[in-house]
Amino acid sequence: MRTKATTVDAYRLIHEGILALARAERQGFRIDIEYCEKKRESLTRKIAHNQQRVEDTKLYRRWAHIYGTKTNIYSNHQLARILYQVLKIEPPKMTEKGVEGATDEESLAQIDMPELKLILQMRKLVKIRDTYLGAFIRESNDGWIHPVFHLHTVRSYRSSSSDPNFQNIPKRDAEAMEICRRAIYPRLGHMLVEMDFASLEVMISACYHKDPTMLKYLRDKQSDMHADMAAQIFKMETIDRSLPSHYILRQAAKNGFVFPQFYGDYYGNNAVGIASWVELPQSRWKKGQGILLPDGSSISDHLMMNGLHSYNQFVEHMKGVEESFWGQRFTRYNQWRKAWVKKYRRLGYLEMLTGFTFSGVMRKNEIINYPMQGTAFHCLLYTFIELDKMMRDEGWDSRLVGQIHDSILMDVHPEELPRVEQAIRMIVKEMLPAAWKWIIVPLDVEIERYEIDQPWVKKG
DNA sequence: GGAACTCGCCAC
DNA sequence: AAACGTGGCGAGTTCC
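Given below as structure tokens:
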């Protein structure tokens, strides 16, 4: 029996969630303002130096000739006009809304002009300085920051955060991550601890569609969906994750195909992404192109030996991969998607397993994605609420600091660490599946510990 | 001089 | 036939 929740259950979750999040907001976290200000100054010097180098280029002289005193090298609109109208470069891509050529990183990287690298470098530094360090300084009071968490703003019933946004602090770019997270500290004598759900959205999607192949992937730790897809995409027998080059192939399959497909993307875009992951050009291929494989050959050698001689042939191949992905591998999942959209068109609204109703004019991808996103977040919120209860019941000195959709950041007293970790595992592995019977997959978490009295930065 | 818009970019 | 989901925010620009 998989009992679905009601609107009253949904209401209770939001009600308790708001209270738990409000308590976390009141706690907040420590911030090293002196560091932020020093770093902001050093970034400003670096940016000015960079700016000087831009001003010494031929591109800038053309630019200044046209715009005179209005010249602003931070203006993408001006840059677009110089590149695509004055210099008549063919725009690699257009912007979303405007009729202008795009000047985002992806586009500029495709134009062979060294000046643009300087502009991109400047953009990155300005982003770190103004969006993150600037916000920390602006939002801090006596060395404390209290980000706000909202439960009423997001169409999919996820959360959002503001003042400052705690949910988009850099993580993937090592330099940006280091600079921004070095500002964030636990209370004196405490340590930051972060818990992350493992593949939460995919786990939750399986609770909706119950696809047997997907359930096997999620229940059997030996199986590896992304490795299997990498093998199919790159026409290889097996993928050995311990080999660095095979690991890249797996990452390419995961981030360039599997996840975009789950969000509703199609093979044409996937081919672009995968080619860039493995460094292959969008043209006819030659020997020795792209990333190197363990036997010393390159990925282009391997694909050409297997009948793919050009990017165009690869796109056709990806079309077939997509067809087999939904038609053979995840048949049941695909049937669910179709039925789910049909149900929306019949009723005009849909319900999540957590009891939330969503309606209004929606596109196909929204109809399919909202329940996964929302429900996954509700697992996190349940965990957050229960942790908050235990913390107060047992009078912990440890505290909840914030939440990022499928992860929680805590400020932990070192002596309480074993209890905190035990509590997290108990909530996620026992209480949650007991409370929500529709959870038919093994939910799991990773727990990351940072050093006592040290900032939110991994020891490398 | 501020509101609203666009673009770009950070997170999941 | 069509073609990637959810946010927040800074800067530039345009409009009133």
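So the first sequence is numbered by my numbering: it starts at 1241 and just counts up by one.
We treat Cβ as the ideally placed atom computed from N, Cα and C, and that holds for glycine.
The model shown is predicted, which means the values in this text are computed figures rather than measured ones.
Residue from Glu1691, Ala1675, Lys1669 and Trp1696 with nearest C-alpha to Phe1682
For clarity, residue 1682 is Pro in the given sequence; the question names Phe instead. When only C-alpha atoms are compared, the closest one is Lys1669.
Name the residue from Glu1345, Arg1301 and Lys1604 whose alpha carbon lies nearest to the alpha carbon of Asp1505.
Lys1604
Taking all protein chains shown into account, decide if Val1248 is buried (16 or more other Cβ within 10 angstroms of its Cβ) or exposed.
exposed
Counted within 10 angstroms of its Cβ, other Cβ atoms place Tyr1324 as buried (16 or more) or exposed
buried
Count Cβ pairs between the region 1643-1652 and the region 1617-1624 that sit closer than 8 angstroms; are there 3 or more?
yes
Glu1688 bridges to which residues according to DSSP?
Glu1434
Backbone secondary structure at Met1417 - three-state DSSP:
helix
Identify the continuous beta strand (DSSP E) that holds Thr1309 and give its terminal residues.
Thr1309 -> no beta strand (DSSP E), and no H or E assigned at all.
Are Arg1398 and Phe1617 closer than 7 angstroms when you measure CB to CB?
yes
Quick one: using the 10 Å Cβ neighbour count with 16 as the cut-off for buried, is Thr1392 buried or exposed?
According to the sequence provided, residue 1392 is His. The question's Thr does not apply to it. Exposed.
Shortest alpha-carbon distance to Phe1406 belongs to which of Val1660, Gln1318 and Val1641?
Val1641
In DSSP terms, what Arg1639 is bridged to:
Asp1651
Taking all protein chains shown into account, decide if Gln1662 is buried (16 or more other Cβ within 10 angstroms of its Cβ) or exposed.
exposed
Are the Cβ atoms of Arg1369 and Arg1280 separated by less than 7 angstroms?
yes
Would Gly1268 be called buried (16 or more neighbouring beta carbons within 10 Å of its own) or exposed?
buried
Let me know the secondary structure DSSP gives Trp1384 once reduced to three states.
strand
For Ile1625, three-class secondary structure by DSSP:
helix
So what does DSSP say about Met1334, is it helix, strand or coil?
strand
Could you pull out every residue in the same chain whose Cβ sits closer than 8 angstroms to the Cβ of Ser1400, ignoring the five residues on either side in sequence?
Phe1389, His1390, Thr1393, Val1394 and Gln1407
Output the boundary residues of the alpha helix (DSSP H) element that contains Glu1295.
Ile1273 to Glu1295
Count the CB pairs spanning the region 1486-1502 and the region 1461-1476 that are closer than 8 angstroms, and state whether there are at least three.
yes
Using DSSP with H/G/I as helix, E/B as strand and the rest coil, what is His1466?
helix
Can you tell me which residues form a DSSP beta bridge with Thr1597?
Glu1591
Based on the DSSP output, what are the partners of Ile1608 in its beta bridges?
For Ile1608, which the question treats as bridged, DSSP gives no partner whatsoever.
Can Asp1628 and Ala1342 be called in contact, C-beta distance under 7 angstroms?
no
Out of Gly1595, Glu1686, Lys1698 and Leu1548, which has the shortest C-alpha to C-alpha gap to Lys1677?
Gly1595
Please name the residue in Ile1377, Asn1316 and Lys1333 whose C-alpha comes closest to that of Ile1271.
Ile1377
With which residues is Tyr1425 paired in a DSSP beta bridge?
Arg1270
DSSP beta-bridge partners for Arg1524?
Ser1550
Spatial neighbours of Thr1361 in its chain, beta-carbon cut-off 8 angstroms, leaving aside the 5 residues before and after:
Reading off the sequence shown, one finds Gln at residue 1361, where the question assumed Thr. Asn1290.
Based on the DSSP output, what are the partners of Leu1532 in its beta bridges?
Ser1538
Indicate whether the contact test is met: 3 or more Cβ pairs, each with one atom in the region 1685-1695 and one in the region 1425-1439, closer than 8 angstroms.
yes
Whole-angstrom C-beta distance between Gly1530 and Leu1520, which should lie under 8 angstroms:
4 angstroms
Closest Cα partner of Asp1535 within the set Glu1606, Leu1483 and Lys1333:
Leu1483
Count the other C-beta atoms from every protein chain shown that fall within 10 angstroms of the C-beta of Gly1246, then say buried if there are 16 or more, exposed otherwise.
The question names Gly, yet the displayed sequence has Thr at residue 1246. Exposed, by the Cβ-count rule.
Classify Ser1400 as helix, strand or coil using the three-state DSSP reduction.
strand
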